[in-house]
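Worksheet: one structure, shown below.
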Amino acid sequence: MPKKKMKNKTTESQKLQQSPTTKFLYEARSLGLIILVALALRATVVEAYIVPTGSMEKTILVGDFLIGNKFIYGMRTPDRLGIPYTQLGFDIPWIRLPAFRQPRGGDVVIFKYPHNPLDKYVKRLIAGPGQMVTINEREITVDGQLYFHPEHLQYLDRSPQPKEWRDPNIFPRGNGNKDNYGSIRIPAQGDTLWTPNDRGILWYVAVMDGHDIRLVGDQLMLDGRPVTHYIVEQNYYFMMGDNRDQSFDSRFWGFVPQQYILGEALFIYFSLDLKRFPFITWERLQRIGTVIH
Numbered sequence: 010m011p012k013k014k015m016k017n018k019t020t021e022s023q024k025l026q027q028s029p030t031t032k033f034l035y036e037a038r039s040l041g042l043i044i045l046v047a048l049a050l051r052a053t054v055v056e057a058y059i060v061p062t063g064s065m066e067k068t069i070l071v072g073d074f075l076i077g078n079k080f081i082y083g084m085r086t087p088d089r090l091g092i093p094y095t096q097l098g099f100d101i102p103w104i105r106l107p108a109f110r111q112p113r114g115g116d117v118v119i120f121k122y123p124h125n126p127l128d129k130y131v132k133r134l135i136a137g138p139g140q141m142v143t144i145n146e147r148e149i150t151v152d153g154q155l156y157f158h159p160e161h162l163q164y165l166d167r168s169p170q171p172k173e174w175r176d177p178n179i180f181p182r183g184n185g186n187k188d189n190y191g192s193i194r195i196p197a198q199g200d201t202l203w204t205p206n207d208r209g210i211l212w213y214v215a216v217m218d219g220h221d222i223r224l225v226g227d228q229l230m231l232d233g234r235p236v237t238h239y240i241v242e243q244n245y246y247f248m249m250g251d252n253r254d255q256s257f258d259s260r261f262w263g264f265v266p267q268q269y270i271l272g273e274a275l276f277i278y279f280s281l282d283l284k285r286f287p288f289i290t291w292e293r294l295q296r297i298g299t300v301i302h
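Sequential numbering from 10 applies to the sequence shown in this note's numbering.
In structure tokens form, the structure reads like this:
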């Protein structure tokens, strides 16, 4: 019988060895897939953050590197395309998947700063939608109950600011100061805010909800239409830092909208003392693995 001719079979690796161009394309594709998976995880499940300010000291120190859980409050699809760790890029439509649970009082939350969503802040959640917050001589009450003292809560000023002083930087204007803060209800989805009594809060919430709001004479105009009230479109949250006298938080710039909530701070995976060379100290190494609570 005539012998059958055996076809030469070339393995994929042999082909790559024979073709430098093909090998390059194969490696580039593999690297691209790894990068895409890493970015997808970063955008949806977990993300690493570095803390640049002392507003949460001594719970979280400047130079701590955090791992945040972006899954617990509802995984978000990517909302921006651009170069990571830069402001180069553009926003894209996104959705939030069902949450395991909603943010609750005492959580240390990572969120987008409402006045510049490209910046990310980490603070402690004091109160959620529909709750009433009051601060009297530094003591916080939520719905009439004293709020717990976090383990590393600290005040740097010797005494609280006087009750009669109205800090012009407080939100909303005229609501006291950082140590004596007038009662305020955190907006919840479906709430109705009225003018003129709620004008400052109404204005802020409408802008956060994505509307154009203006004052024409004495008339409030929403998306070009005169309004006397506004129905809140999403839930809001009140945040404060554990380093109460050095924290720029909801007392000064307002509520955090639900859409800006990113995740919960979980633990410290690395820490650098940025004030002391060579930055790595034994005290900072001991912080590795610290659970944030």
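Glycine included, each C-beta is placed from N, C-alpha and C at the ideal position.
Nothing here was measured: the structure is a model prediction, and the numbers come from that model.
- A direct Cα-to-Cα measurement between Glu160 and Asp73 gives close to 18 Å.
- DSSP places Phe120 in the uninterrupted beta strand (DSSP E) bounded by Val117 to Tyr122.
- Around Asp282, the same chain offers Gly72, Phe288, Thr290 and Arg293 as residues with beta carbons nearer than 7 Å, after the five sequence neighbours per side are excluded.
- Of the residues Arg208, Gln243 and Met217, the one whose Cα lies closest to the Cα of Gln228 is Arg208.
- Taking a contact as a CB-CB distance under 8 Å, the pair Met65 and Asp251 counts as one, their CB atoms being some 5 Å apart.
- By the criterion of a C-beta distance shorter than 7 Å, Asp100 is surrounded in its chain by Asp88 and Arg89, once the five residues flanking it on both sides are discounted.
- Contact between the region 259 to 269 and the region 118 to 131 is present: 3 or more CB-CB pairs across the two stretches fall below 8 Å.
- The beta carbons of Gln243 and Asp218 sit closer together than 8 Å.
- Residue pairing of Thr143 in beta bridges, as defined by DSSP: Thr150.
- Secondary structure of Leu275 (DSSP, three-state): strand.
- According to the DSSP secondary-structure assignment, Pro235 is paired through a beta bridge with Met230.
- In the DSSP secondary-structure assignment, Gly98 is bridged to Gly91.
- The region 110 to 123 makes no contact with the region 161 to 178; the number of CB pairs closer than 8 Å stays below 3.
- Its chain contains Gly209, Tyr213, Ser259, Arg260, Phe261, Trp262 and Gly263 as the residues whose beta carbon lies nearer than 8 Å to that of Phe180, once the 5 sequence neighbours on both sides are disregarded; these appear in chain order.
- Membership of Ser192 in the beta strand (DSSP E) is indicated by the continuous run Tyr190 to Arg194.
- Looking only at Pro169, Gln140, Arg147 and Val151, the smallest Cα-Cα distance to Ala197 is reached by Gln140.
- Restricting attention to Thr68, Asp254, Lys79 and Thr62, the CA atom closest to the CA of Asp166 is found in Asp254.
- Asn206 sits exposed, since fewer than 16 C-beta atoms from the chains shown fall within 10 Å of its C-beta.
- For Leu211, the uninterrupted alpha helix (DSSP H) segment begins and ends at Arg208 to Met217.
- A buried status is given to Val241, since no fewer than 16 other beta-carbon atoms sit within 10 Å of its beta-carbon.
- Closest in C-alpha terms to Phe109, from the list Leu70, Lys79 and Ala136, comes Lys79.
- Pairing Ala215 with Leu271, the inter-Cα distance amounts to about 21 Å.
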